[in-house]
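Worksheet for the structure shown next.
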Ligand SMILES: Nc1ncnc2c1ncn2[C@@H]1O[C@H](COP(=O)(O)OP(=O)(O)O)[C@@H](O)[C@H]1O
Ligand SMILES: [Mg+2]
């Protein structure tokens, strides 16, 4: 239990789709909740709703699918979604009055709770929201969650972010402890990381800068180690992180030893309930590396 301590917050970000943001967010959250007894809150902030759909499809606990479906419909019709929270927060002159209870947060398991996405988030960017006002939205929302007596105290909050800087991810960036960037072992990864670090620098400059960590997901392995080719890409990305840290004053660390292997069937980790046994160690290592930089 977190007690009075604010939870540690981690946002999984990359402009590229398909690198594993959603999968990694889920697997990290699940590993944490299952193996460390921590209470974890996970947000789906992507209007494409992959994580939300995966939770709805979860086939492990039979009734969960139906349970989540009807909970979700009620949350939408009672106007208790993240979009409604934003709507309330941005109402001109209004006090941010959005009660936090389990009609806003869904309990997947005892230790793993979830704030789903809604399609309305697509329209968020078209509304005339004040950027400076939106910047504080997530910090204020987390404050409300922290102080609500209706929900548990969370030790960790994980955000699955969209592959672009939306107003919502902007507000996450200004209150998260760690920006976690999954990359894949391919030719485009280093260019992508360069771009992302550059724009993160511009976006978060006026705020206390969060720690940034980059790691290799879908690592190709041979005899339980990254292949030569993957190692080559890892070195490239490490250099980019080192250079950004040296030249641009951001704190970007490449996790040398905390990679997640390519694993056929990892999708079932989300829709089938748990992280496959042979991947648990990878996510535990990744988690230790994350804690190492945000302690
Ligand atoms: N470590 C991995 N090994 C194999 N496949 C993976 C791994 N991580 C993610 N994937 C697969 O890659 C695809 C994209 O993953 P996803 O998490 O949806 O990416 P994103 O959220 O960045 O768009 C999915 O089919 C997912 O199952
Ligand atoms: Mg995704």
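Residue numbers (the working numbering): 38 to 332. Quick reminder that beta carbons are idealized off the backbone N, C-alpha and C, glycines included.
If you check the C-beta of residue 59 against ligand 2, you find a heavy atom less than 7 Å away.
The beta carbons of residue 49 and residue 197 sit closer together than 8 Å. Judged by DSSP secondary structure, residue 250 falls within the beta strand (DSSP E) whose first and last residues are 248 to 253.
Under the three-state reduction of DSSP, residue 190 is assigned to coil, being neither helix nor strand. Cβ contact annotation for residue 80 (same chain, cutoff 6 Å, sequence separation greater than five): 152 and 196, in chain order. Considered as a whole, the region 81 to 169 harbours 87 to 94, 101 to 114 and 119 to 127 as its complete alpha helix (DSSP H) runs of no fewer than 4 residues, in chain order. Listed in chain order, the non-local C-beta contacts of residue 217 below 6 Å within the same chain comprise 47, 49 and 250, local neighbours out to five positions each way being set aside. It is roughly 6 Å from the alpha-carbon of residue 150 to the alpha-carbon of residue 77.
Counted as a single uninterrupted DSSP element, the beta strand (DSSP E) harbouring residue 46 occupies residues 45 to 49. Inside the region 257 to 326, DSSP marks whole alpha helix (DSSP H) runs of 4 or more residues at positions 265 to 285 and 304 to 308, from first to last along the chain. Secondary structure at residue 223: coil, using DSSP grouped into helix, strand and coil. Residue 194 holds the alpha-carbon nearest to the alpha-carbon of residue 75 among 108, 268, 57 and 194. Going by beta carbons, residue 316 and residue 303 fall inside the 8 Å limit.
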